[in-house]
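Under numbering that gives the first Met the number 0, read the sequence shown as residues 0 to 212, first letter to last.
All C-beta atoms in this analysis are idealised placements derived from N, C-alpha and C, irrespective of residue type, glycine included.
Have a look at the structure below, then the notes.
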Amino acid sequence: METTRLHYIYDPFCGWCYASAPLMAAARGLLPVTAHGGGMMAGSNRQPVTDRLRNYVMPHDRRIAAMTGQPFGQAYFDGLLRDHDAVFDSEPPITAILAALEAGGEGRDLDLLARLQRAHYVEGRRIADAGVLAEMAADIGLDRPAFEAAYAAREGQPTRDHIAESRALLAHAGGQGFPTFALERDGRYRVLDTGRYLGRVDEWRAALAGMLE
0 METTRLHYIY DPFCGWCYAS APLMAAARGL LPVTAHGGGM MAGSNRQPVT DRLRNYVMPH
60 DRRIAAMTGQ PFGQAYFDGL LRDHDAVFDS EPPITAILAA LEAGGEGRDL DLLARLQRAH
120 YVEGRRIADA GVLAEMAADI GLDRPAFEAA YAAREGQPTR DHIAESRALL AHAGGQGFPT
180 FALERDGRYR VLDTGRYLGR VDEWRAALAG MLE
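So, in structure tokens, the structure goes:
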């Protein structure tokens, strides 16, 4: 029997992944989705918050808001993006998303990603901080001790291995960056052009449903 699955290669600090969040939510209603954290700001690419970073990301964020209606909070623009003690590091939130899958089962990883995106872009929270990650996991209904145990088990090298595997999948599927939506049918991958559907969720849902027929 032919099996079909959507692979979502994302990063927690990727603004265009946040732009695509409504498309991901719609896709989850149609077929199984596997999330792969790409580590855009992990390791040597982790970024302290500076005025330069703020000036770089804000035009992109304004464009995303205009195109998609995705909300951005003042706590993000004038709080987090002015917090020079904060660091954007993809590894801890990816660890948390892996832990959510282990502690809560299929789909809870994507639930936590959505919660972390809102915490970051609307509430201006530091989603690279372990305490914030545990709080957000509890906020979506995960058992906090179970989440924290899973987080400890996934921290460090297991997360770095996951990031390496995600990047290998990105290359194998032919994706160009984050986000990449790749439809898998019996081991064959087709990268989907989601950029044309930003802000057009109903059209995206209909197009994806058509692909699945």
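(request) Starting from the C-beta of R45, find all residues in its chain whose C-beta is less than 7 Å away, skip the five residues before and the five after it, and write them out in chain order. (result) As a working mapping, residue 45 is identified with position 46 in the sequence shown. The residues are V86, F87 and D88.
(message) Going by C-alpha to C-alpha distance, which of R159, D84 and L100 sits closest to R124?
(response) Residue 124 sits at position 125 when you count from the first residue of the sequence shown. Of R159, D84 and L100, the residue nearest in Cα terms is D84.
(request) Would you mind working out which of M39, R27 and A26 sits nearest L169, comparing C-alpha positions? (result) Within the sequence shown, residue 169 is the residue found at index 170, counting from 1. Closest option to L169, Cα to Cα, is M39.
(request) State buried or exposed for A98, treating a residue as buried only when at least 16 other CB atoms are found within 10 Å of its CB. (result) Within the sequence shown, residue 98 is the residue found at index 99, counting from 1. Classification of A98: buried, given that the 10 Å Cβ count is 16 or more.
(message) Give me the residue from I93, R81 and A74 with the minimum Cα distance to L150.
(response) Stepping through the sequence shown from its first residue, residue 150 is reached at position 151. The question names Leu, but residue 150 is Tyr in the sequence shown. Nearest C-alpha to Y150: I93.
(message) Under 8 Å: do the segment 65-72 and the segment 112-128 share three or more Cβ pairs, one atom per stretch?
(response) Taking a cut-off of 8 Å on C-beta distances, the segment 65-72 touches the segment 112-128, as three or more cross pairs fall below it.
(request) Pair every Cβ in the segment 130-142 with every Cβ in the segment 168-185, then say whether three or more of these pairs are closer than 8 Å. (result) A contact is defined here as three or more CB-CB pairs under 8 Å, and the segment 130-142 fails this definition with respect to the segment 168-185.
(message) If you reduce the DSSP assignment to three classes, tell me which class H161 lands in.
(response) Here residue 161 corresponds to residue number 162 of the sequence shown, with the count starting at 1. Three-state DSSP puts H161 in a helix.
(message) Let's test the definition: count the other Cβ atoms within 10 Å of the Cβ of H213 and tell me whether it reaches 16, buried, or not, exposed.
(response) Because residue 213 is not part of the residues shown, which for the chain are 0 to 212, the question remains open.
(message) Could you compute how far the alpha carbon of G209 sits from the alpha carbon of P144?
(response) Numbered from its first residue, the sequence shown carries residue 209 at position 210. Numbered from its first residue, the sequence shown carries residue 144 at position 145. Distance between the alpha carbons of G209 and P144 is about 42 Å.
(request) Express the C-alpha separation of S19 and C13 in angstroms, rounding to a whole number. (result) Within the sequence shown, the letter at position 14 stands for residue 13. Within the sequence shown, the letter at position 20 stands for residue 19. Their backbone Cα atoms lie some 10 Å apart in a straight line.
(message) Could you compute how far the alpha carbon of A148 sits from the alpha carbon of A95?
(response) Locating residue 148 in the sequence shown gives position 149, counting from the first residue. Locating residue 95 in the sequence shown gives position 96, counting from the first residue. So the alpha carbons of these two residues sit roughly 11 Å apart.
(request) Would you identify the three-state DSSP class for F146, choosing helix, strand or coil? (result) As a first step, residue 146 is located in the sequence shown; it is residue number 147 there, counting from the start. In the three-state reduction of the DSSP assignment, F146 falls in the helix class.
(request) Return the Cβ separation of L112 and Y9 in integer angstroms, given the expectation that the two are a contact with Cβ distance under 8 Å. (result) Here residue 112 is taken as the residue at index 113 of the sequence shown, counted from 1. Here residue 9 is taken as the residue at index 10 of the sequence shown, counted from 1. About 7 Å; that satisfies the 8 Å criterion.
(message) I need the DSSP call for E65, collapsed to helix, strand or coil.
(response) Start at 1 with the first residue of the sequence shown, and residue 65 comes out as number 66. For the record, residue 65 in the displayed sequence is Ala; it is not Glu. Helix, per DSSP.
(request) Indicate the three-state DSSP secondary structure (helix, strand or coil) for V121 in the structure shown. (result) The count along the sequence shown starts at 1 and reaches residue 121 at position 122. Secondary structure of V121 (DSSP, three-state): coil.
(message) Per DSSP, what are the beta-bridge partners of R230 in this structure?
(response) There is simply no residue 230 to check, as the chain begins at 0 and stops at 212 in what is shown.
(request) Pick helix, strand or coil for H35, following the three-state DSSP scheme. (result) Reading the sequence shown from its first residue, position 36 is the one you call residue 35. DSSP places H35 in the strand class (E or B) of the three-state scheme.
(request) Check whether the Cβ atoms of W15 and P157 sit closer than 8 Å, and answer yes or no. (result) Translated into positions along the sequence shown, residue 15 becomes position 16. Translated into positions along the sequence shown, residue 157 becomes position 158. The criterion of a C-beta distance shorter than 8 Å is not satisfied by W15 and P157.
(request) Express the C-alpha separation of W203 and L30 in angstroms, rounding to a whole number. (result) Numbered from 1 along the sequence shown, position 31 holds the residue referred to as residue 30. Numbered from 1 along the sequence shown, position 204 holds the residue referred to as residue 203. If you take the alpha carbons of L30 and W203, they lie about 14 Å apart.
(message) Counting C-beta neighbours from all protein chains within 10 Å, is the total for R51 16 or more, i.e. buried, or is it exposed?
(response) The residue labelled residue 51 in the question sits at position 52 within the sequence shown. With fewer than 16 other Cβ atoms within 10 Å, it is exposed.
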